[in-house]
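One structure is given here, and the rest of the page talks about it.
In our numbering, the protein residues as written are 270 to 360.
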């Protein structure tokens, strides 16, 4: 039986994580690829995110044309920043 290890431990953090994802994608020049399903990030990053790509049933946007490397770079940067924030809060 498969386990779902990709779950949000704190469901209330979903919007913050999505906003972080779109900010980082925009910084990496991938913002337009993530499409218009950017939720709360639309006010600050709408122009940078563009309208490419569509939404899927999960409420996010579909970036199936992106490479694993491109998507992984966004996830890796998110992890680095979250770890940095946690370390700073412990000091």
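We treat Cβ as the ideally placed atom computed from N, Cα and C, and that holds for glycine. Please read these numbers as outputs of a predicted model, since none were measured by experiment.
Where residue 337 and residue 297 are concerned, what is the direct C-alpha to C-alpha distance, given to the nearest angstrom?
For this step, residue 337 is matched to residue 68 along the chain shown. For this step, residue 297 is matched to residue 28 along the chain shown. Rounded to the nearest whole angstrom, the CA to CA distance from residue 337 to residue 297 is 14 Å.
May I ask which residues mark the beginning and end of the alpha helix (DSSP H) holding residue 278?
For the purposes of this step, residue 278 is taken as the residue at position 9 of the chain shown. For residue 278, no alpha helix (DSSP H) segment is defined, and its DSSP state is neither H nor E.
Mapping DSSP to helix, strand and coil, what is residue 345?
The residue given as residue 345 occupies position 76 in the chain shown. Residue 345: helix per DSSP, three-state reduction.
For the 8 Å Cβ check, are there 3 or more pairs between the segment 271-283 and the segment 337-348?
The answer is no - the segment 337-348 does not touch the segment 271-283, with fewer than three Cβ pairs under 8 Å.
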